[in-house]
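Enquirer: Those letters in the sequence shown? Residues 39 to 311, per the working numbering, in order.
Glycine included, each C-beta is placed from N, C-alpha and C at the ideal position.
Nothing here was measured: the structure is a model prediction, and the numbers come from that model.
Here you go, one structure.
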Amino acid sequence: MEFAGKLVFITGGGGGIGGGMAAAFAERGARLVLADINLAHAEEEAAKLPGHVDVALLSLDVTSADSWLAARAQVEDRLGPVDILCNNAGVASGFKPLVETTPEEFERVMSINVKGVYNGIAAMAPGMISRRAGHIVNTSSMNGLNPFGTFAVYSASKFAVLGLSDAVRQELAPFGVGVSTLFPGLTRSRMSESSTEGPIARNAAQAAAIRANMMDPLWLGRAVVKAVEANEPYIITHPEYAADTKARFDQILSAFGQPAQPGYRSGSSATAG
Ligand SMILES: NC(=O)c1ccc[n+]([C@@H]2O[C@H](COP(=O)([O-])OP(=O)(O)OC[C@H]3O[C@@H](n4cnc5c(N)ncnc54)[C@H](O)[C@@H]3O)[C@@H](O)[C@H]2O)c1
39 MEFAGKLVFI TGGGGGIGGG MAAAFAERGA RLVLADINLA HAEEEAAKLP GHVDVALLSL
99 DVTSADSWLA ARAQVEDRLG PVDILCNNAG VASGFKPLVE TTPEEFERVM SINVKGVYNG
159 IAAMAPGMIS RRAGHIVNTS SMNGLNPFGT FAVYSASKFA VLGLSDAVRQ ELAPFGVGVS
219 TLFPGLTRSR MSESSTEGPI ARNAAQAAAI RANMMDPLWL GRAVVKAVEA NEPYIITHPE
279 YAADTKARFD QILSAFGQPA QPGYRSGSSA TAG
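Next comes the structure, spelled out in structure tokens:
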């Protein structure tokens, strides 16, 4: 795929991973929109890009459909249609048992991490469908494949991103629009660095060791570019989690035994509730 001159719209474009995607698409000559609820974050990431890169900054709250409509109108007026949409903005839930999570905390994570992705697709996919071209990248997480205790709300939101992406990939394929899901493991960003200040690290030395182990987001961005080029459904950047993922899927598959009702003949899996 030729990326030169293509318009790439990145939500959470002021974050570590958004900045990595921006730098990687810029390496291939794309034009960029860094959309973020915090414009100072977007400015910070834009300042790291080489001077010749064509980059616009935009204030966007992914949880608001009106904010998306305004963003689309502004971008289409000034820069033309969006070719590649990266629904990447997201927040962590903090490490705490689900029963200690307040309804407001649950709502906030779901609203940004899941509704934000829905809003982005609802705003941008119709144009891609009518142009019979485009690609959407949704950022999930390794927690969207391998959940762990004290991170239930975040995991739930990232599982939702995977389910939504897989389904919408089927819906958009006939129109020549691709959909990929990114599953980052630990990657350097504001979110991951602040999490080392919490209970994930027992002391300063452990926090430093975790930080030293974080992947450089530019390489995630390059993996995203490659996956868009090949229209790959899944983007795995941290293969060290393969064994955990396999163990979980093996356990799920091992639960597929005989039908619960003796003699039952299955119907279509597509309608299974
Ligand atoms: N860093 C990691 O280790 C890691 C691992 C797995 C998944 N992720 C996912 O990667 C994505 C990017 O996170 P990051 O690590 O770069 O974090 P980050 O905190 O550096 O960046 C997130 C950005 O999203 C913006 N944002 C928050 N709420 C928003 C809203 N309502 N509307 C628009 N923008 C909003 C923030 O201002 C911030 O600039 C997230 O979806 C996150 O869940 C990160």
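Which whole-angstrom value is the C-beta distance of Ala68 and Phe41, which I expect to be below 8 Å?
Expert: Their Cβ separation, rounded to whole angstroms, is 5 Å, which keeps Ala68 and Phe41 in contact under 8 Å.
Enquirer: Return the CA-CA distance between Tyr272 and Arg207, expressed in angstroms with no decimal places.
Expert: Whole-angstrom Cα-Cα distance: 11 Å.
Enquirer: Report yes if the C-beta of Pro222 is less than 7 Å from at least one heavy atom of ligand 1; otherwise report no.
Expert: Pro222: yes, Cβ under 7 Å from ligand 1.
Enquirer: Can you say whether Asn76 is buried or exposed, counting buried as having 16 or more other CB atoms within 10 angstroms of its CB?
Expert: Asn76 comes out exposed.
Enquirer: Which residue from Met39, Gly56 and Leu87 puts its Cα closest to that of Arg226?
Expert: Arg226 has its Cα closest to that of Gly56, out of Met39, Gly56 and Leu87.
Enquirer: Should Asn269 be listed as close to ligand 1, given that the test is whether its C-beta is under 7 Å from any heavy atom?
Expert: No, ligand 1 has no heavy atom inside 7 Å of this Cβ.
Enquirer: In or out: Glu142 buried (at least 16 other Cβ within 10 Å) or exposed?
Expert: Exposed.
Enquirer: Return yes when the Cβ of Val71 is within less than 8 Å of the Cβ of Leu96, no when it is not.
Expert: Their beta carbons are under 8 Å apart, which means Leu96 touches Val71 by this criterion.
Enquirer: Would the segment 120-128 count as touching the segment 153-167 if we require 3 or more Cβ pairs under 8 Å?
Expert: Taking 8 Å as the limit for Cβ pairs, the verdict is that the segment 153-167 does touch the segment 120-128.
Enquirer: For a quick check, are the C-beta atoms of Leu210 and Ser178 less than 8 Å apart?
Expert: Contact: no.
Enquirer: In the segment 236-272, which residue ranges form an unbroken alpha helix (DSSP H) of at least 4 residues, counting only runs that do not cross its ends?
Expert: Taking only runs of at least 4 residues, the alpha helix (DSSP H) segments lying wholly in the segment 236-272 are 242-250 and 255-268.
Enquirer: Quick test of your reading: Val217 and Ile174, contact by CB under 8 Å. State the CB separation rounded to the nearest angstrom.
Expert: That belief holds up - the Cβ atoms of Val217 and Ile174 are roughly 5 Å apart, short of 8 Å.
Enquirer: Would you mind sorting Phe47 into buried or exposed? The rule is 16 or more other CB atoms within 10 Å of its CB.
Expert: By the neighbour-count rule (16 or more Cβ atoms within 10 Å), Phe47 is buried.
Enquirer: Which first and last residues belong to the alpha helix (DSSP H) in which Val155 is found?
Expert: Per DSSP, Val155 belongs to the alpha helix (DSSP H) from Gly154 to Arg169.
Enquirer: How is the beta strand (DSSP E) around Leu72 delimited, first residue to last?
Expert: Counting along the chain, the beta strand (DSSP E) containing Leu72 begins and ends at Arg69 to Asp74.
Enquirer: Does at least one heavy atom of ligand 1 sit under 7 Å from the Cβ of Ala127?
Expert: For ligand 1, at least one heavy atom lies less than 7 Å from the Cβ of Ala127.
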